[in-house]
Structures are given as structure tokens and as C-alpha cells.
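Asker: Under numbering that gives the first Met the number 0, think of the first position of the sequence shown as 0, with each following residue one higher.
Cβ atoms here follow ideal geometry from the backbone N, Cα and C, with glycine treated the same way.
Note that the structure is predicted; figures quoted are calculated from it, not measured.
Take this structure first; my questions come after.
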Amino acid sequence: MFLDRWCNIKALPGANRLIKHLKAHGVPMAIASNSAKASIETKIFYQRGGKSLFQLSLVRMR
């Protein structure tokens, strides 16, 4: 139930535009979080094109 809610979260205004701009200019990006892998995948990678924008994700393993 909790993870189902994360699928519907929208990014902050301008966040996707900034990330895509940085990616287009070759800036390497990664995600580091103390959230569980499932939470990060749901929050970030279910956004349109989210997974392809980041080269690395560091998350807490359970």
C-alpha cells in the first residue's frame, strides 16, 4: 500500500527539466539515499525516463 502511493508522486517543478538538461550536457549523475531500494525505484525510476537518466544509484540494502 505504501509503495503504491509513491507511484503517483510528481517531481518538484523544474526538477525533471534540470535533470534532463544536465544529462544532455554530459553531466554524470547518481542517486544516493538511505531509503530502501524498492522505495527509490518506485519514487524515481517510475518517473518518465527516470531510470535512464542516472548512471548509478546507491541505496540502503535490507
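What are the boundary residues of the beta strand (DSSP E) that ILE18 is part of?
Answerer: From DSSP, ILE18 is part of no beta strand (DSSP E) but of the alpha helix (DSSP H) over 14-23.
Asker: Quick one: measure Cβ to Cβ for ILE8 and LEU52, integer angstroms, because I've assumed they're closer than 8 Å.
Answerer: Not confirmed; about 16 Å, so no contact.
Asker: Nearest to ILE30 by CA position, among SER38, HIS24 and ALA23, is which residue?
Answerer: SER38
Asker: Taking the straight line between their C-alpha atoms, what separation do you get for ALA35 and ILE43?
Answerer: 12 Å
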